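Engineer: Here the numbering used here is used: the first residue of the sequence shown is 39, the next is one more, and so on.
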Amino acid sequence: MMETGMGSNAALITRLSEAHPSLKRGMVWCRHCKRGPVRVNSADCLQTGWPKCCGYTMTIDSPEEQKAMETEGD
Ligand SMILES: [Zn+2]
Numbered sequence: 039m040m041e042t043g044m045g046s047n048a049a050l051i052t053r054l055s056e057a058h059p060s061l062k063r064g065m066v067w068c069r070h071c072k073r074g075p076v077r078v079n080s081a082d083c084l085q086t087g088w089p090k091c092c093g094y095t096m097t098i099d100s101p102e103e104q105k106a107m108e109t110e111g112d
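1) Nearest by alpha-carbon distance to ARG77: which of ALA48, LYS62, GLU102 is it?
2) Which same chain residues end up closer than 8 Å to LYS72 when comparing Cβ atoms and leaving out the 5 residues on each side of it in sequence?
3) Who does LYS62 pair with in a DSSP beta bridge?
4) Output the residues surrounding ligand 1, defined as those with a CB atom closer than 6 Å to any ligand heavy atom, in chain order.
5) Please tell me whether TRP67 and THR109 are closer than 8 Å, where the distance is taken between their beta carbons.
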């Protein structure tokens, strides 16, 4: 865990959500029923939790990106 001390957590979260392209995009998908994209507020989700579908947390990786990651290891 990274300690941020007494600084504002909200500011850090906003910065994080804007630094990562997938977070900035603000869209999530369900890996199980393939629902999505669902628009979300990444900064809010980082603080309160990501939406769930099929009992699992939805992913910020688009179906294309998930595919790319699956084939990467082979
Ligand atoms: Zn689902």
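Yeah, the Cβ is synthetic: ideal placement off N, Cα and C, and Gly gets one too.
A quick note: this is a predicted structure, and the numbers were derived from the prediction, not measured.
Structural biologist: Once the coordinates are examined:
1) Indexing the sequence shown from 1 puts residue 77 at position 39. Per the Cα distances, LYS62.
2) Along the sequence shown, one-based indexing puts residue 72 at 34. Contacts found: PRO101.
3) Position 24 of the sequence shown, counting from 1, holds the residue named residue 62. Looking at the DSSP assignment, LYS62 forms no beta bridge with any residue, so it has no partner.
4) CYS68, HIS70, CYS71, ARG73, CYS91, CYS92
5) One-based indexing of the sequence shown puts residue 67 at position 29. One-based indexing of the sequence shown puts residue 109 at position 71. No; because the gap between Cβ atoms is not below 8 Å, this pair is not in contact.
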